[in-house]
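Colleague: Protein chains in written order, with our numbering: chain A, 1 to 338; chain B, 1001 to 1338; chain C, 2001 to 2338; chain D, 3001 to 3338; chain E, 4001 to 4338; chain F, 5001 to 5338. Cβ atoms here follow ideal geometry from the backbone N, Cα and C, with glycine treated the same way. Note that the structure is predicted; figures quoted are calculated from it, not measured. So that we are looking at the same thing, I have put the structure below in C-alpha cells.
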C-alpha cells in the first residue's frame, strides 16, 4: 500500500500536527494555516509540505484585494479538521506539514516580486519540500512554476473561469494575472500538451483570445462543457491529459460562482458550486503532484467570509492530495531502495 | 380526508390568522413569527402550534451569534404568506398557530438553561401544544426532546452538516452544541433506530467520530450519499427509518451550503441548496411529527439576511408539516371518538 | 445568413463600440452600461439598441431600493466584454448600441412616472430603437409594454419568482409592482396566449391568486416544474408559446435564488442559479424580440454586489439576443427590399 | 413637585413596565419598543404614551429604506434600560407607556397614507395618549402635526440637517419628505414664530431655498451656528422661541453626522455627534411636549446597526421628556382640580 | 468684486450646469462628478475646471482599493447641490465645470502611469483648464504636480495623516504612495518653504522619518498640534506659509478619522471629523489655487459608503475654492486688460 | 533618565523586534500582535511584556462575538509601527515584547475558564512577564486581576461605558461580564480606593446600580463629567486616585462611541472619540502599571474593521505605557542594586 507510514516517519510527522478543536476552540490561537506549526523556511527540517502565503496583487487588472488573501485563508483554514470525511484521508498522519510564512513581496514591482517568489520556491524544492501556495493574484503561479518546473516541464490541472493565457495588456505589459500560463509555457516549465483548463467561461475581449492556447495543444473545458458532459467524464479526461508525470494544480477561486465566492476580483456568474469544486479536486487523487496553489481570494470584496472559507476548505482538500502524493513518493522511494 | 376542519375548529383557528400582506405591508407591524398573534404561553387556550424562540448560544464551540437567531428569523418569517405554492397546504386554515415568545434563558449557564427549556416545552406538551422552536445553538434540541420524548422515545429526522453526537469537549464538557443527540439517546427520549441524519459532511476531528452513532443504529446519510443517490431515494429511506410513531424534525441551518446560509457558526462548504432543503422538508409530509426545531441561524455572521430568510422560509415549510400532522391527529381523534 | 452586416452598417456600428478592458481597466471611466457611448435619446441617430435606466421603485410593496438599480447595474455591466463565450455572438459588431441615460422619473408618483416611461419608450420606438431597460421595480414593465405593444399585442417570456398579475392591494391600489402584467393584458398590449412565466414560486397570499392568469391562458411554469422537467424542455415549450410574432423578455432578478441575488425586495429561496438563468436567456435566440427589461435589482439589499453583477451579466446575455434580433430584422428588410 | 406619582397612578403605570435585562437577556423576546407591552390602539386603556411605528417612505426623494425604520428602531431600543443615567429620570415610573404597533400605511400612495396617519393619531389624541412616532420618512410628521395641532397651532423644535420647507419637486409634487413643515404651517397646525430648526446644513438647490422659512419667522440655526455659539446657548434660544405653549419635537436622524448615522437617505457630512444630540434632547426638559417623532432611519443603508442604535437611544431620551411632560400635566390637573 | 461674472461668461458657464435634484432624483442619470456634463478632454472648449478621475492604486503599500475611488466618489458627489450653504458660493455660476473622464492608467506599471497622468494634466494646463483630480492612491499627486508646477514651483496645503515624504521602501522602490511629495520637491515643482502638512499622526517606522521634511523647511502640523492650538490658528498659519503665489491643495481622505472614513488603505484612529475637515477646506478661500486633488478613497474597504460621501462632499467644497480662484483670476485678467 | 537601556538589555530586546513595514508589507506574514515574534509562554526567556489573547465571551449578557476579538485585534495591530508619533516612545527599544498566544479557554464554562486564565497569568507573573491581555468579554479581567493582585491589591484605571460592578444576573449568576470588578474587590485583589472608572454612561437597570461601587469608595467619572470638566482635569484626578503603587489599566472598547467602535456587544451612543481615548491612555504615562487589558472587541458586529483597528491602535498606546513602566522598574532595580 502506498500510504503506509513507517514508525520513524510517523514520529517525525507527529511533530507537525495541527491543534485540535476538541481541546481548544478553532477560533483560538495565532491563525497559521490549519493551525499548523509555523516554521522559518530556512529552518524547516523534517517538513514535507510547506504552506506558503504570497500576499501580492500588483498584477491585477480588475478589482484588487488578493494581496490580503493569505491572511484571510489562514484564518478560514483553521476551521478545518484532521480527517477528510469523504475519502478518509488523514493528511497530517501522512506527511509533515507546516506553515512557512509569506514570501517577502514588493507590492509595487511585479518583476521583482516574481524573482523573489521563484527564489523562495526554488529553495523549498531544493529541500524537498512540496509547496502549497496561497495568493495573491494569479501571476504568482508563474514564478512558482518556474521554480518547480525548471528542468522538468510539468503537467497542469488549471481550474478557473479564465484561461490566463493572454499575451499582454495596456500596450505591452506582459506580467499580469492574465498571462501566467502563457509565460510559463514560453519558458518551457509547463508542457502544454499535459495542460487542462476546467471551468472557463465569461465574455471575451476578442473571439481569438483562445487561439494561442488551443494552438499549443492546451485542452480547454468550458464550464458549459464540463457540466454538460458531467464532472466524472471531465475529470477522467483531465487525468488522461495530465498523465503520470510530475504535475501541478492551480485553483483560481473565481472558478466558483460569485454566490459561492464573491470575494474575488474578476467574478463570472454561472460558475461551479463548492460541491462541484470539492468533487473536482477530490477526483484528482493519484496524480503525481509536486505543488499546488490557490489564488485570487480578495477579502475586501467578500461577503461574510464565505470566499475565504471556500478557499480554506479547498486548501484542505488539496492538502489531502499533496499528502497522498508525498506519501506515495516516499513509499516508492523506499520500495525502489529495497 | 384527514385535513377536513369542522366548523367549530375553523372558527377557533380563524382567530389565529397572520396579518395579510395584501392589506398592510409585510414589513409593518411588530415582527412576530409569520405575523401571527402573540400569546403568553400561560394563556394560550385554543393554540395548537406554538412558535417559540430559544435565544441561547452558550453551548457553541465555534463562532457565536445564534442567540440572536429568533429575532432575525421572526423578522424574515414575516415575508411568508398563507398558502404553500407547491403543496397547496394552507397551514393557518388547518391549525391554530401563535407566537408564544421566547424561553427565558440564562446566557451564561447551559445546564440551567436546559432546565428552563425543558420546563417550558413540558408545559406546552401538557396543554397539547405542538412546539416549533427556533434556536439558538443546537444544544437546545436536547431539552426540547427531553420534554417531548419523555415516556415515548421519538423518531428523528435530523438535517445537518454535523451529526452532533460527540461525547464531550475541552476535557469533559458534556453539554455543547455538538452533543445533543448523544445526550438524548442516552436519556432514552430518542430511539436511535428511528433516527436518520441527512447531509453530514465536513472534515472530522477523528476517524472514529461516527462510531458511536453507527453503533447505536443511527442512519447517517452523508451529503455525498444523499446527492449521489438522489433526494427522492434519500427521503424514501428516511421515511422508512422513522416509520409511523411520533417523530421530531430538527433542521440545522448549516445543512445548507454557506452560499445559502453564511450566517451560522460552523459553516461547511458543499452543502444543500435551499431548493434541495425545501424539497427534503416538503417530502416529509405525513410523518407523525410532535414537534420540530430550526437552529443555528447566527445573524451577526449573515450577509444580506439570506440565512434568516432561508430559515424563515424553511420554518413556513415545517409549519405546513406540523399543521397537517395536527389536523390529521385531530381528525383521527374525531374518527376514533365516533 | 441572417447576421451578415454590410459595410455601411459596420462602419456606423463601429462608432458605438464599448471601451476595451485590454486598453484601460474595466473599472475606469464613467460607468455607462457596458462602457458604451452615451447618447441623448433626442440625438441618437444611428443607434439601434438603446440601454435605458428607469430608477423608480415607488410601486414596491416589499423592501425598496430598486430605484438605485440602474446605477449599480451600469457599474457591474462594465465587467462584461465584447464576445459571448458560449454562443460566439459579438453584439457590438451586429448592432449599434448606446446608453441613453435614465427616464426622468417622479419617485413619489407612480401614475405620472408611468406616463413618462411610456412617452420615453414611445419616442424610442418611433425612432426604430429597441429598448433594453433596467429597473426599477417591476411596475416599469407596464408602461414600456404600453409603448412597445400599442397596436401589436406582444408575446412575453417572463422569468420571475412571482407572476405579478395581482389586481390590487391595500384596498384598491392598482399600480404596484405586483400588477404590471395584468394591467398590460387588460390594455391589450400583451397577448396572454403568447405569454409564459417561468420560475414562479414562493408562498401565496391566497390559493386563487393564480386563477386570473390561468383564466387568460397565460402559461405558468413553476420553479419546481421547470427544474423537474428540465430546462431544455421548459425552453422549448416557452418558444412554442411565444411563437414567431414580436415578443418581449422581462427578467425579474428575483427569479434567481437569494444566494445568487440577495439584493432584491422580495427574495424567494429555492430559485434559479445564475448558470440556469444564463441558459434560459441564451436559449431564447431567434425570438423576434422588440424589447426587454431587467428589473428589481436593489443595491442597498445586496451583498458584495453579486446581484448587480448577475444583473449586468444577464443584461449582456439579453443584449446578445436583441443584437441578433436587430440584425435579423435588418437582414430580412434588405432581403425583402431586394 | 411636578413628577410625584400618586398610588393609584403608580399601580396603573406599573402594569406597563418593560422587561428587565437583569432577568432575561435584552436580545430575547418579541422586539416591541423598549420591550414594552404591546397594546392595540383600540384597546389601550390606561396608556399615556403610545410608541407608534409609521413604516412609510413613499415620499422619499433620495435613497429609500426608511419604511423599514420602525422595526430596526424597535429592535435597537430593546437595548435601553429603565433609568436615565444623566438626569435620573425613570420614565416607566412616571407614565404608562406601551407599543401601539404600526399605522396601516399604503406604501404606494402618499396622500392616502397621510390620511391614515392623521386618523390614527387623532384617535390617540382623543384618548389622551401622547404619541412618540417612529418613521418612516419625514413626510409622516405632517399628518401627525395635523392631528395634534388641529385647533391649537404647536411650537416645534426641529433637529435636522434639512429645513424640509420646500414647496414642491418634480414639477408640482407637494407631498414629499422635503415639504412637511411648509404644509403644516400652511394648514395652521404649526405656529412658525414658535418654530426652531437646529443643525441645518448641506449644499442647497438654490440660494433662496431658505427664504420662505425665514419669511414665516421660523428660526433657523445652522449646524455651524449651533456649534459656533455652543449648544447651551443654542438650546436656551430654542426654549425661548418655543415658549410655554404646547409643543412638538421632531428629530430627523440625519441631523447626526454620517459617521454616527450612515443609515439614512440624505446624509450630510459635518453633522452632530450622538453626544451632542443627546445633550440637545436632554436640554429640552420642561417643554410642554404633546408629541414627538424620530424619522428617516433607513436600515438597508446602515452599517452595523449604529443608526438604529442611535435612534433607539434618542427615542429613550425623548421618551424621558414626554414622561416628564405627562407627569407634569397630570400633576397640574390634580393641582387645579384641588 | 472679484467674482462678478460678465454676461458672455455667464452664458458660456450656463452650458455646464449640473442636473438639479428638484427636477430628477439625484440617484438618476449616469453618475458623472456632481451630475456635470461629460466632456472629452480633447474637446473641452469653454471648460475652466475639469474634474478628472485617476483610477490607479498600483503604488499602494498598504491595503488596496483606491483604484475604485473615482467611480465611488463620482456616485457620492451626485448628492451635492448647487450652492454652498455656509459660504453662499455657487460654483457653477462662477466657472464652467465638466467631468473630463479618467486618465488612461496602467494598473501594473507605476512609472508608465505617472507619465500618462503628467501628460494628461499638462494638456489640461495648456488649455487653461484647472484640474480637480480624484485618486487613486497618493502617488498620483506627484505627476499632477509635475504638470502643474513645471516652471513655477507651487505652494501646497497638504491635509493628511501621513507626510508622504519617504525616500523609498522594499529596498529601493521610489515611486510609492508614501513618496510623492519628496519626489515633487526633488523635481523642483513644489516649493518646500511654501508647504504645510496638516493632521499628521500615527505611529512611525522610525523616529527620523520626519527629518527630511523638516530639513526642507516643510511645516508639519500634527493632528494634536492642529487641534490643540485650534483650527482657526492652524489655518491662519497655513495661509501664511503658502502665501500669495500659485498653490495646490492635496487632500488625503485618511486625514479623517476612521469613523468618518473607514474606506481607505492606511487609516489612523484619532483623526479629523468631517466637520473639522470642511472647516479647514472652507478656510482656504482666497488662495491662488491652480489645481487640487482628493485621494485614497478605497470603496471596498468602506462601510455604507460614508467615505465616498465624505470625499464627494469635500470635493464640492474644494470645487467652490477652485471656482472662486478661477473667477478671481478671470476678474484680475479683465482688470489688467482694462 | 529612567528609560535608559544598557547594552546587554538592548541586545536581548533587539531579538524581539516586530517586522518592519518598510521591508515587507504590513499585511504580510502571520498576524501576531504587532508582527512581534511568537513565543510559547513556557519558553519565553527574555520576554518582559507578553501580549496574550483570551478568546472567551461565555460571560456575555448582551450580543456575543468578543471570543473572536484576539484574532481581529492581532490583525489590526499589524498596522502599527515602531515609534509613538506623539510621545516619541519606541516601545520595542525599551522592553522585550512577544506574542504569547492565547489562553486555552473553555467556551462553555466560565468558572473553568477563569481558573485557566488565572493560572496562565500567574505563571507569567512568576516569570516576571507583564501581561497585556486582549479579550474576550470583560469577565476575563477578573481572573487576570486575581493573578496579578494576589498579595498586593492593585490600583485600577478603568475606561468603560459601564462600571461592571453588578452583583449578579438571571437569579444568581455571579460570573458575568457585568461583575468582574465587584468580584475582584471582594477577593481583595483590587483596592477600591485606588480605583477610577472613566466614561460611564448609558441608561441603568435601576437607580441604585452605582451604590455598591460608590460605597466602596470607587471614583466614577461619567462621560458627561469627564467631558464637561475636560480630559486633562479628569486624567489628573485619575492619576491622583491611583497613586504610586502597582496599578492595572482595563480598557473596554465600548468606552468609545459606536461610531468609533460599532463592533462591541453593548454599545452606548455618546461615548469617547478615538482621539479622546488615545489622549486618555497617553496621559497615564508614569503610572506603575503591572498589567493591562483591552476587551469586548466583537468582530462579527464590526463595520469595516474600525473597532479592531481602534483596539489595535489603543493596544500600541497601552504597550508604550507598559514598556516605559518596565524600563522604569528595570532602571530602578539597577539603581537600587548599585
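Taking 8 Å as the CB-CB cut-off, is residue 2011 of chain C touching chain E?
Modeller: It does not: the Cβ of residue 2011 of chain C has no partner Cβ on chain E nearer than 8 Å.
Colleague: List, in order along the chain, the chain D residues whose C-beta lies closer than 9 Å to that of residue 1075 of chain B?
Modeller: 3031, 3071, 3075
Colleague: Would a check of beta-carbon distances place residue 2142 of chain C closer than 8 Å to chain A?
Modeller: No, because no Cβ of chain A sits closer than 8 Å to the Cβ of residue 2142 of chain C.
Colleague: According to DSSP, simplified to helix, strand and coil, what is residue 3327 of chain D?
Modeller: helix
Colleague: Might you give, ordered along the chain, the residues of its own chain that have their beta carbon closer than 8 Å to the beta carbon of residue 1319 of chain B, omitting 5 neighbours on each side?
Modeller: 1034, 1049, 1051, 1091, 1097, 1132
Colleague: Taking 8 Å as the CB-CB cut-off, is residue 4051 of chain E touching chain C?
Modeller: no
Colleague: Throw me the rounded Cβ distance for the residue 2180 of chain C and residue 2164 of chain C pair, which I believe falls under 8 Å.
Modeller: Rounded, the Cβ-Cβ distance is 6 Å, consistent with contact.
Colleague: Roughly how many angstroms lie between the CA atoms of residue 2040 of chain C and residue 2197 of chain C, to the nearest whole one?
Modeller: 34 Å
Colleague: In three-state DSSP terms, what is residue 2138 of chain C?
Modeller: helix
Colleague: What does the alpha-carbon distance come out to for the pair residue 1009 of chain B and residue 1036 of chain B?
Modeller: 18 Å
Colleague: Sort out for me which residues DSSP pairs residue 2169 of chain C with in a bridge.
Modeller: Answer is C/2173, bridged to residue 2169 of chain C.
Colleague: What are the residues in the segment 2289 to 2301 of chain C lying within 7 Å of chain H by C-beta distance?
Modeller: The structure shown contains no chain H; its protein chains are A, B, C, D, E and F.
Colleague: 8 Å is my cut-off, CB to CB: does residue 1067 of chain B come that close to chain D?
Modeller: yes
Colleague: For residue 2128 of chain C, which residues from the same chain have a beta carbon less than 8 Å from its beta carbon, with the 5 sequence-adjacent residues on both sides left out?
Modeller: 2048
Colleague: With distances taken from CA atoms, which of C/2178, C/2104, C/2025 is nearest residue 2119 of chain C?
Modeller: C/2104
Colleague: Kindly indicate which three-state DSSP category residue 2197 of chain C falls into: helix, strand or coil?
Modeller: strand
Colleague: Could you compute how far the alpha carbon of residue 4241 of chain E sits from the alpha carbon of residue 5195 of chain F?
Modeller: 47 Å
Colleague: Please report how far the alpha carbon of residue 3251 of chain D lies from the alpha carbon of residue 4311 of chain E, in whole angstroms.
Modeller: 26 Å
Colleague: Taking 8 Å as the threshold (C-beta atoms), are residue 1265 of chain B and residue 1106 of chain B in contact?
Modeller: no
Colleague: What does DSSP give as the partner residue(s) for residue 5012 of chain F in the beta ladder?
Modeller: Paired residue(s): none; residue 5012 of chain F is not in a bridge.
Colleague: Put residue 1003 of chain B into one of helix, strand or coil per three-state DSSP.
Modeller: coil
Colleague: Count the other CB atoms within 10 Å of the CB of residue 2208 of chain C; is the residue buried (16 or more) or exposed (fewer)?
Modeller: exposed
Colleague: Taking the beta carbon of residue 3232 of chain D as the centre, do at least 16 other beta carbons fall within 10 Å, making it buried, or is it exposed?
Modeller: Exposed, because fewer than 16 other Cβ atoms sit within 10 Å of the Cβ of residue 3232 of chain D.
Colleague: Do residue 3262 of chain D and residue 4303 of chain E count as a contact pair if the criterion is CB distance below 8 Å?
Modeller: The answer is yes: Cβ separation under 8 Å.
Colleague: Since residue 1139 of chain B and residue 1110 of chain B are thought to touch, with beta carbons under 8 Å apart, how far apart are those beta carbons, to the nearest angstrom?
Modeller: 6 Å
Colleague: Is there contact here, the segment 4112 to 4126 of chain E with the segment 4264 to 4283 of chain E, by at least three beta-carbon pairs under 8 Å?
Modeller: no
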